[in-house]
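Residue 320 in our numbering is what sits at position 301 of the sequence shown, and the numbering runs on without skipping anything.
Contents: one structure, followed by commentary.
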Amino acid sequence: MPANLVVGAQWGDEGKAKVIDVMSKDTDIIVRYQGGANAGHTVVVKGKKYIFHLIPSGIIYDNKICVIGNGVVIDPTYFLEEVASLDKEGFDVASRTYISDSAHLLLPFHKMIDAAREGSASKSQKIGTTKRGIGICYADKMMRTGIRVGDLHSQASTKEKLNAILNEKNHELKVLYGLEELKFQDIWDEMYTFYDKWKHRIINTSYYLNEELKEGKRILLEGAQGTGLDADFGTYPFVTSSNPTTGGALIGSGVGYHFLEKVIGISKAYITRVGEGPFPTELLDEEGERLRKLGGEYGSTTGRPRRCGWFDVELLKHAVRVNGMNALALTKIDVLSDYDTIPVAVGYELDGKRLDYFPSQGLERVKPIYKEFPGWKSDICGINDFKKLPKNCQDYITALRGLVGVPVHMISTGPDRDHTIILSM
Ligand code: GDP
Ligand code: IMO
Ligand code: MG
């Protein structure tokens, strides 16, 4: 049976969790494969809102298994807090969640250094991170000094590792940033409290997932962030420190590539971005404020106002290419209902020349070429039949499908699970 992948096609917050929630119904196992608590994934069911950071969004169905893959960085304290708040809502997370023994632990010094670096960076060097320690933890992973969840099975050697890394980190905290040193015992206790509660759910998730696929189970891979934030294919250095794209989904879950069937790119009917970095179709001043208000565009993790702009075909075509996207899910189309005309960037110009791809450098100098589409000027929130959408709205969707070049699998007309149109592919 197949594995399907939900991947962000823009700069994150595309509405991935909404799509994952809808698709989870026909899935057995939902897997987070990268990122950490920088993600904020919102699901709305019958008006009730849930926001997930580390736990896969599928947990709200009571018969699904959730997996935190090897590619995720886990902040143990944050994780326990999220589990506790879900338990309070009545979700039995512990009996339905597995954690990869190869996922890395994100520890207090990662967060402190992330915040200190951002705090001391000059305006042009600031990334605008979530200050959740993500980049520092992945850097340690690549430096081969990180601590993995499964390491905690062997206490003595893990204590030795922690001691070595803490010596380095304390030096950095004190000398570079003038911060207090951290105590070994505090960090060990934090790690061990997590381990003690979760040791029975720590497994080799790659082995588990591939065996389940062979047995006929259906798997949904849940991306965090998005293509524009990918460390290789995003707007480096204004990116996150993992690969949200398809390659990262395979690496971060250990699912064999031959199982992959649908690669669904999620895109808003416009674009948002939080944090720094180039954004060719960004709307500044009151136009941006208008879209932000209409879309309720404030970060689910940090509460920061999201930068807003028009749909960008080159960014989407880039996402189609690097992800091997074979379907598109278009979200938040209802947000555009108030506009007389809707501009779409159908191409780019750089230094007076037409570009036919999303460039790796110089994006801040790109000039979008816009085409205007007529608006529909009526409330479409909650419509779940394509034929019931106003003609101009249908035409807008059909035009985007043509410009992006992949079939539209799903259209989201509101935040709730029921506000969804599924189209056959
Ligand atoms: P994710 O990180 O990609 O899962 O997206 P977020 O949850 O951070 O942000 C998407 C926001 O848009 C959330 O508040 C969702 O509830 C909301 N949302 C998702 N789809 C729709 C939609 O079709 N219409 C409207 N109005 N809101 C939506
Ligand atoms: P979801 O999964 C939107 C952005 C940050 C910053 C950059 C690097 O909800 O789509 P990091 O803390 O990862 O080192 O920050 O990436 N960012 C996100 N933007 N949605 C997210 O996740 C994001 N996770 C990180 O704002 O620009
Ligand atoms: Mg989000």
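Don't be surprised by glycine CBs; every beta carbon is placed ideally from N, CA and C.
| task | Assuming R167 contacts S225 (C-beta within less than 8 Å), just tell me the rounded distance between them. | result | About 13 Å; that fails the 8 Å criterion.
| message | Pull the bridge partners of V427 from the DSSP assignment, please. | response | L347
| query | Within the chosen definition, does the stretch 418 to 430 reach the stretch 329 to 337 through at least 3 CB pairs nearer than 8 Å? | reply | yes
| query | With DSSP run on the structure shown, which of helix, strand or coil describes L125? | reply | Reduced to three states, the DSSP call for L125 is coil.
| message | Using a Cβ-based criterion (distance less than 7 Å to any ligand heavy atom), does A348 qualify as near the ligand MG? | response | no
| query | Between which two residues does the alpha helix (DSSP H) carrying T177 extend? | reply | Q174 to H190
| field | Counted within 10 angstroms of its Cβ, other Cβ atoms place R51 as buried (16 or more) or exposed | value | buried
| Does the Cβ of R151 lie closer than 7 Å to at least one heavy atom of the ligand IMO? | Checking the 7 Å criterion, the Cβ of R151 is within range of a heavy atom belonging to the ligand IMO.
| task | Determine which residues share a DSSP beta bridge with D331 and list them. | result | A364
| said: Per the DSSP calculation, P263 is bridged to which residue(s)? | reply: Partner(s): none; P263 has no beta bridge.
| What does E391 pair with, by DSSP beta-bridge criteria? | P362
| Buried or exposed: V258, going by 16 or more other Cβ atoms within 10 Å of its Cβ? | Buried: at least 16 other Cβ atoms inside 10 Å.
| task | Verify the contact flag: A313, CB atom, against every heavy atom of the ligand IMO, threshold strictly below 7 Å. | result | Residue 313 is actually Leu in this sequence, not Ala. It does not: the Cβ of L313 is nowhere closer than 7 Å to a heavy atom of the ligand IMO.
| In chain order, what residues of the same chain have a beta carbon less than 8 Å from the beta carbon of L192, not counting five sequence neighbours either side? | So the qualifying residues of the chain are F128, M131, I132, A135, L198, E199, E200 and L201.
| task | Taking 8 Å as the threshold, find out whether the stretch 136 to 155 comes into contact with the stretch 171 to 182 through three or more Cβ pairs. | result | no
| said: Can you determine whether any heavy atom of the ligand GDP sits closer than 7 Å to the C-beta of T265, and answer yes or no? | reply: no
| Identified DSSP bridge partners for F71 | H60
| Residue burial classification, I221 (beta-carbon count within 10 angstroms, cutoff 16) | buried
| field | CB of F71 within 8 Å of CB of A22, strictly | value | no
| query | In the structure shown, what three-state DSSP assignment does N342 receive? | reply | Reduced to three states, the DSSP call for N342 is helix.
| query | Residues with a Cβ closer than 5 Å to any heavy atom of the ligand MG, in chain order? | reply | D32, G59 and S319
| G147: beta carbon under 7 Å from a heavy atom of the ligand IMO? | yes
| query | So, using beta-carbon positions, are G318 and L355 closer together than 8 Å? | reply | Not in contact: G318 and L355 (Cβ atoms no closer than 8 Å).
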